[in-house]
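So the structure is just underneath, and the comments pick up after that.
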Amino acid sequence: MCCKANCRRRDDDSAQKGLGIGLQPYQFQLLVAAVVRSAAASVDGGNAESFTGAFDRIPFDIFMQILKILAPKESAKLSAVCKSWKLVVSDNRLWITFFRIGLSSSVISNCVYTHTHLPAIVQRIMYLLMAVNTYLTYLTL
Amino acid sequence: MASAPENEKNASAPEKKTLTLKSMINNEEFVVDEHVALQSVTIKNMVDSDCAGDVIPVPTISGEILALVIEYCKNHANPSASEDDLKKADAGIVAKDIYTLIDLVLAANFLDIKGLLEVTSQKIADSIKDLPHQDVREIFGVENDYTPEEEAAVRAEHDWAFEGFP
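From first to last, the protein sequence lines are chains D and U.
Using the UniProt record's numbering, you'd call the opening residue of the first sequence number 1 and step up by one each time.
Using the UniProt record's numbering, you'd call the opening residue of the second sequence number 1 and step up by one each time.
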């Protein structure tokens, strides 16, 4: 019962936000849906057919968690399984995590991935993120 | 450890609060002590916000999986259990085939039981580790959508990861 109440409250919130920028709630929802769709299309390169087998049922963040437990080498190897696995393995957040673990345990081999796989602009953004991340880690230590 | 001794049943006092969890897949019901069930953050939130009735319906989780989850919760609700015992019991719970493990990881995620989620994820990772990617495909029933050329290109891109694999 209270779950429903929560949902309604969230709906109201998003409706208000939508009105705040001069849009009707339904327009706002359409906008959000369009953004989500285009983001998804750009991520999977228009390949909606690809699927991850039994892993299809596993939410993305748990898949990610499992990859984080595996070493960078194991994860990179899994990119040869199929296109959608490659997509998951190529997620920058995964490699930022590996890089952070690598920094603390001085395993540098995972940098190879950053050098060989990603386009220059993404590399630059990634290094920036890593720098910020490392700085934050030092702050929290 | 896993099988509760008979005298424990008698020891549970009648005033102890219990909850009934009902699997919505095969309508199996499990009566559990409240402190055992409350290890699930999802159930705890339901109870705390008075959303929980006498029977708590658990959608998308089969009775078989729910029994494993409850076994885990019971083990970890026992304050006298030692680290070693818990580790052994956990290993016993996750010693299942990959499809059961995936169901279990989904259940742990839904019920928000951090420990079980970690143990199960670790087990799935262990079962993938050191396998050639062809075997991973077979185990998880993944269709290979690469052309031979594309696969060779991916392998060449990550050749450092394929050292010692066919």
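We put the CB at the ideal spot given by N, CA and C, even for glycine.
Any chain D beta carbon closer than 8 Å to Tyr146/U: Your numbering for residue 146/U matches position 146 in the second sequence. Closer than 8 Å: yes.
Neighbouring residues, chain D, relative to Ile25/U (Cβ below 9 Å): Here residue 25/U is taken as the residue at index 25 of the second sequence, counted from 1. Under the 9 Å cutoff, chain D gives no residues; its nearest Cβ is about 14 Å from Ile25/U.
Paired residues, beta bridge with Asp33/U - DSSP: The residue labelled residue 33/U in the question sits at position 33 within the second sequence. For Asp33/U, which the question treats as bridged, DSSP gives the partners Thr18/U.
Integer Cβ distance of Val47/U from Leu38/U, believed to fall under 8 Å: The residue given as residue 47/U occupies position 47 in the second sequence. The residue given as residue 38/U occupies position 38 in the second sequence. The Cβ separation is near 7 Å, so the contact holds.
Segment limits, alpha helix (DSSP H) that includes Val136/U: As a working note, residue 136/U is residue 136 in the second sequence. Element bounds for Val136/U: His133 to Phe140.
Buried versus exposed call for Lys16/U [16 or more other C-beta atoms within 10 Å across all chains shown]: Residue 16/U sits at position 16 when you count from the first residue of the second sequence. Exposed, because fewer than 16 other Cβ atoms sit within 10 Å of the Cβ of Lys16/U.
Residue range of the alpha helix (DSSP H) that includes Pro57/U: Start at 1 with the first residue of the second sequence, and residue 57/U comes out as number 57. Counting along the chain, Pro57/U sits inside no alpha helix (DSSP H); it lies in the beta strand (DSSP E) bounded by residues Val55 to Val58.
Beta bridge counterpart(s) of Ser23/U as assigned by DSSP: The residue you call residue 23/U lines up with position 23 of the second sequence. When beta bridges are read from the DSSP output, Ser23/U appears opposite Val58/U.
The UniProt domain "SKP1 component dimerisation" (114-161) of chain U: positions lying closer than 7 Å to chain D by Cβ: Residues Ser121, Gln122, Ile124, Ala125, Ile128, Lys129, His133, Val136, Arg137, Phe140, Gly141, Val142, Glu143, Asn144, Asp145, Tyr146, Glu151, Val154, Arg155, Glu157, His158, Trp160 and Ala161.
Cβ-Cβ distance between Val136/U and Val89/D below 8 Å: Here residue 136/U refers to the residue found at position 136 of the second sequence. Here residue 89/D refers to the residue found at position 89 of the first sequence. No, they are not a contact pair.
8 Å Cβ cutoff, Tyr99/U in contact with chain D: Reading the second sequence from its first residue, position 99 is the one you call residue 99/U. Output row for Tyr99/U: interface = yes.
Below-8 Å beta-carbon distance, Leu106/U vs any chain D residue: Position 106 of the second sequence, counted from the start, is the residue given in the question as residue 106/U. A Cβ of chain D is located within less than 8 Å of the beta carbon of Leu106/U.
Residues that residue 186/U contacts on chain D, provided the C-beta gap is smaller than 9 Å: Since the first residue shown for chain U is 1 and the last is 166, residue 186/U is missing from the structure and cannot be characterised.
Rounded distance between the beta-carbons of Leu86/U and His76/U, thought under 8 Å: Stepping through the second sequence from its first residue, residue 76/U is reached at position 76. Stepping through the second sequence from its first residue, residue 86/U is reached at position 86. Taking 8 Å as the upper bound for CB-CB distance, His76/U and Leu86/U are in contact here, some 7 Å apart.
Chain U within 8 Å of Val88/D, Cβ atoms only: The residue labelled residue 88/D in the question sits at position 88 within the first sequence. At a cut-off of 8 Å between beta carbons, Val88/D makes no contact with chain U.
Sufficient close CB pairs (3 or more, under 8 Å) joining the segment 121-138 of chain U to the segment 53-64 of chain U: Cβ pair count under 8 Å is below three, so no.
Residues within the UniProt domain "SKP1 component POZ" (26-77) of chain U neighbouring chain D, beta-carbon criterion of under 7 Å: So the close ones are Ser49 and Cys51.
Within-8 Å CB hit, Arg37/D to chain U: One-based indexing of the first sequence puts residue 37/D at position 37. Here Arg37/D scores only 43 on pLDDT, less than 50, and its place in the model should not be relied on; the value that follows carries that caveat. Not one chain U Cβ lies under 8 Å of Arg37/D.
Helix, strand or coil at His76/U according to DSSP, with G and I counted as helix: Locating residue 76/U in the second sequence gives position 76, where the first residue counts as 1. Three-state result, His76/U: helix.
Ala156/U: first and last residue of the uninterrupted alpha helix (DSSP H) it sits in: Position 156 of the second sequence holds residue 156/U. Pro148 to Glu157 is the extent of the alpha helix (DSSP H) around Ala156/U.
Chain A contact residues for Ile102/U, given Cβ-Cβ distances below 9 Å: Of the protein chains in this structure, namely D and U, none is chain A.
Three or more C-beta pairs below 8 Å linking the segment 107-122 of chain U and the segment 51-69 of chain D: By the Cβ test, the segment 107-122 of chain U is in contact with the segment 51-69 of chain D, since at least three Cβ pairs between them sit closer than 8 Å.
Cutoff 8 Å: Ile125/D Cβ touching any chain U Cβ: Within the first sequence, residue 125/D is the residue found at index 125, counting from 1. With its beta carbon at least 8 Å from every one in chain U, Ile125/D lies outside the interface.
CB contact check: Ile66/D to chain U, cutoff 8 Å: Looking up residue 66/D in the first sequence gives position 66. Yes, its Cβ sits closer than 8 Å to a Cβ of chain U.
Residue-level contact to chain U via CB, Ile96/D, 8 Å cutoff: Here residue 96/D is taken as the residue at index 96 of the first sequence, counted from 1. For Ile96/D, the answer is no, since every Cβ of chain U falls outside 8 Å of its Cβ.
Ile101/D versus Val154/U - alpha carbon distance: By 1-based counting over the first sequence, the position of residue 101/D is 101. By 1-based counting over the second sequence, the position of residue 154/U is 154. Cα atoms of Ile101/D and Val154/U: separation of roughly 25 Å, rounded to the nearest angstrom.
Proximity to Ile98/U [Cα-Cα], best of Pro79/U, Ala125/U, Cys73/U and Glu28/U: Here residue 98/U is taken as the residue at index 98 of the second sequence, counted from 1. Ranking Pro79/U, Ala125/U, Cys73/U and Glu28/U by Cα distance to Ile98/U puts Ala125/U first.
Exposure label - Glu74/D; buried when at least 16 CB within 10 Å: Counting from 1 along the first sequence, the entry for residue 74/D is found at position 74. With 16 or more other Cβ atoms inside 10 Å of its own Cβ, Glu74/D counts as buried.
CB of Val119/U within 8 Å of CB of Asp90/U, strictly: By 1-based counting over the second sequence, the position of residue 119/U is 119. By 1-based counting over the second sequence, the position of residue 90/U is 90. Yes; because the gap between Cβ atoms is below 8 Å, this pair is in contact.
Contact under 8 Å by Cβ, Leu104/U with Ile70/U: Walking along the second sequence from the start, residue 104/U turns up at place 104. Walking along the second sequence from the start, residue 70/U turns up at place 70. No, these two residues do not count as a Cβ contact at 8 Å.
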